[in-house]
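J.: Starting off with a structure, shown below.
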Amino acid sequence: QKEVEQNSGPLSVPEGAIASLNCTYSDRGSQSFFWYRQYSGKSPELIMFIYSNGDKEDGRFTAQLNKASQYVSLLIRDSQPSDSATYLCAVSSLSSASKIIFGSGTRLSIRP
Amino acid sequence: DAGITQSPRHKVTETGTPVTLRCHQTENHRYMYWYRQDPGHGLRLIHYSYGVKDTDKGEVSDGYSVSRSKTEDFLLTLESATSSQTSVYFCATGLGDNEQFFGPGTRLTVL
């Protein structure tokens, strides 16, 4: 079992709809959770982070964390074609050398 | 981003040659990381540094070495490049177990 799991996709969502991206993790001691967006040929960029159970909203983005279920998600409201990218979930882990473990990413495609 | 540059941005080399990639940061972040990214594997940590002259191995360190003689510079060396090391290499910086900031990447092709 991978420490951070994401569905690789592609996830296809119509423009204007809500895109829902999911991530599960195995280390119950994880404290910090991050979502990165990576456009094709570019480097990952941080878009959201969350530390506490519940929801955190930033513009069209909402991160949701449920530590009991070891589940973190990212909702993108009013999806735009510019949201088409790969989204990487990252989780802090004391067992990792770098303290951060990345999932393999979910490819999101917004269709006009 | 966190003021991170990587050089070169693209490189083509031949099997058996040594290659050095450079990462330079201007944010005075203590931690620096080297990742490789390959289709289907996501980001895999090669080596990381938690201070000047303090480095440690990641999950895919075989065939790679690193050095950090100054806070701002972190070098990744492929001692004898192989075709399996063809990849995109990302440098990142951070403050520990919080967010990391990524450089623009280096695309390396080993023929």
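Taken in order, these protein sequences are the chains called L and S.
FYI, in this note's numbering the residues of the first sequence are 1 to 112.
FYI, in this note's numbering the residues of the second sequence are 1001 to 1111.
Heads up, the beta-carbon is just placed ideally off N, CA and C, and yes, glycines get one too.
Shorter than 8 Å from the beta carbon of isoleucine 50 (chain L) to some beta carbon of chain S?
T.: Here residue 50 (chain L) refers to the residue found at position 50 when the first sequence is read from its first residue. Not an interface residue.
J.: Helix or strand or just coil, what does DSSP make of proline 81 (chain L)?
T.: Locating residue 81 (chain L) in the first sequence gives position 81, counting from the first residue. Proline 81 (chain L): helix per DSSP, three-state reduction.
J.: What residues match up with tyrosine 189 (chain L) in a beta bridge as DSSP calls it?
T.: Lying before the first or after the last residue shown, residue 189 (chain L) is absent from chain L, which here runs from 1 to 112.
J.: Helix, strand or coil for glutamine 1085 (chain S), going by three-state DSSP, please let me know.
T.: By 1-based counting over the second sequence, the position of residue 1085 (chain S) is 85. Here glutamine 1085 (chain S) sits in helix by DSSP.
J.: What is the rounded straight-line gap between the Cα of glycine 105 (chain L) and the Cα of leucine 1045 (chain S)?
T.: Taking the first sequence and counting its residues from 1, the one referred to as residue 105 (chain L) is at position 105. Taking the second sequence and counting its residues from 1, the one referred to as residue 1045 (chain S) is at position 45. Approximately 15 Å, taken between the alpha carbons.
J.: State yes or no: is the C-beta of glycine 103 (chain L) within less than 8 Å of the C-beta of glycine 1042 (chain S)?
T.: Within the first sequence, residue 103 (chain L) is the residue found at index 103, counting from 1. Within the second sequence, residue 1042 (chain S) is the residue found at index 42, counting from 1. Cβ atoms of glycine 103 (chain L) and glycine 1042 (chain S): closer than 8 Å.
J.: Around the C-beta of glutamine 80 (chain L), are 16 or more other C-beta atoms found within 10 angstroms, so that it is buried, or is it exposed?
T.: Residue numbering aside, residue 80 (chain L) sits at position 80 when the first sequence is read from its first letter. It counts as exposed.
J.: Should the region 1017 to 1032 of chain S be regarded as contacting the region 43 to 59 of chain L, the criterion being three or more beta carbon pairs within less than 8 Å?
T.: Verdict: no, contact absent.
J.: How long is the line joining the alpha carbons of serine 40 (chain L) and serine 109 (chain L), rounded to whole angstroms?
T.: If you number the first sequence from 1, residue 40 (chain L) lands on position 40. If you number the first sequence from 1, residue 109 (chain L) lands on position 109. Each residue's alpha carbon lies about 12 Å from the other.
J.: Whole angstroms are fine: how far does the CA of lysine 56 (chain L) sit from the CA of tyrosine 1089 (chain S)?
T.: For this step, residue 1089 (chain S) is matched to residue 89 along the second sequence. For this step, residue 56 (chain L) is matched to residue 56 along the first sequence. About 31 Å.
J.: What span of residues does the beta strand (DSSP E) with isoleucine 18 (chain L) cover, start to end?
T.: The count along the first sequence starts at 1 and reaches residue 18 (chain L) at position 18. Segment: none, isoleucine 18 (chain L) is in no beta strand (DSSP E) and carries neither H nor E.
J.: Compute the distance between the beta-carbons of serine 26 (chain L) and serine 73 (chain L), then report whether it is under 8 Å.
T.: On the first sequence, residue 26 (chain L) is found 26 positions in, with the first residue counted as 1. On the first sequence, residue 73 (chain L) is found 73 positions in, with the first residue counted as 1. No, Cβ-Cβ distance for serine 26 (chain L) and serine 73 (chain L) is not below 8 Å.
J.: Distance check for glutamine 64 (chain L) and asparagine 53 (chain L), CA to CA, integer angstroms please.
T.: Taking the first residue of the first sequence as position 1, residue 53 (chain L) is located at position 53. Taking the first residue of the first sequence as position 1, residue 64 (chain L) is located at position 64. Answer to the nearest angstrom: the Cα atoms are 7 Å apart.
J.: Does any C-beta atom of chain S lie closer than 8 Å to the C-beta of phenylalanine 61 (chain L)?
T.: Counting from 1 along the first sequence, the entry for residue 61 (chain L) is found at position 61. Output row for phenylalanine 61 (chain L): interface = no.
J.: Which one of S:Ala1092, S:Gln1037, S:Asp1062 and S:Val1060 has the shortest CA to CA distance from threonine 1109 (chain S)?
T.: Walking along the second sequence from the start, residue 1109 (chain S) turns up at place 109. Measuring from the Cα of threonine 1109 (chain S), the nearest candidate turns out to be S:Gln1037.
J.: Nearest-angstrom Cα distance between leucine 1078 (chain S) and lysine 1053 (chain S)?
T.: In the second sequence, counting from the first residue as 1, residue 1078 (chain S) sits at position 78. In the second sequence, counting from the first residue as 1, residue 1053 (chain S) sits at position 53. Distance between the alpha carbons of leucine 1078 (chain S) and lysine 1053 (chain S) is about 18 Å.
J.: Compute the distance between the beta-carbons of phenylalanine 34 (chain L) and glutamate 1027 (chain S), then report whether it is under 8 Å.
T.: Residue numbering aside, residue 34 (chain L) sits at position 34 when the first sequence is read from its first letter. Residue numbering aside, residue 1027 (chain S) sits at position 27 when the second sequence is read from its first letter. Cβ atoms of phenylalanine 34 (chain L) and glutamate 1027 (chain S): not closer than 8 Å.
J.: Throw me the rounded Cβ distance for the leucine 1021 (chain S) and leucine 1076 (chain S) pair, which I believe falls under 8 Å.
T.: Walking along the second sequence from the start, residue 1021 (chain S) turns up at place 21. Walking along the second sequence from the start, residue 1076 (chain S) turns up at place 76. Between leucine 1076 (chain S) and leucine 1021 (chain S) the Cβ distance is about 5 Å, and since that is below 8 Å, they are a contact.
J.: Look at glutamine 38 (chain L) and leucine 75 (chain L) and say whether their C-beta atoms are less than 8 Å apart.
T.: On the first sequence, position 38 is the one that residue 38 (chain L) refers to. On the first sequence, position 75 is the one that residue 75 (chain L) refers to. Contact: no.
J.: How about isoleucine 1004 (chain S) and glycine 1105 (chain S): are their beta carbons less than 8 Å apart?
T.: To locate residue 1004 (chain S), count along the second sequence from 1; it is residue 4. To locate residue 1105 (chain S), count along the second sequence from 1; it is residue 105. No, Cβ-Cβ distance for isoleucine 1004 (chain S) and glycine 1105 (chain S) is not below 8 Å.
J.: According to DSSP, is tyrosine 1035 (chain S) helix, strand or coil?
T.: Residue 1035 (chain S) sits at position 35 when you count from the first residue of the second sequence. In the structure shown, tyrosine 1035 (chain S) sits in a strand (DSSP, three-state: E or B).
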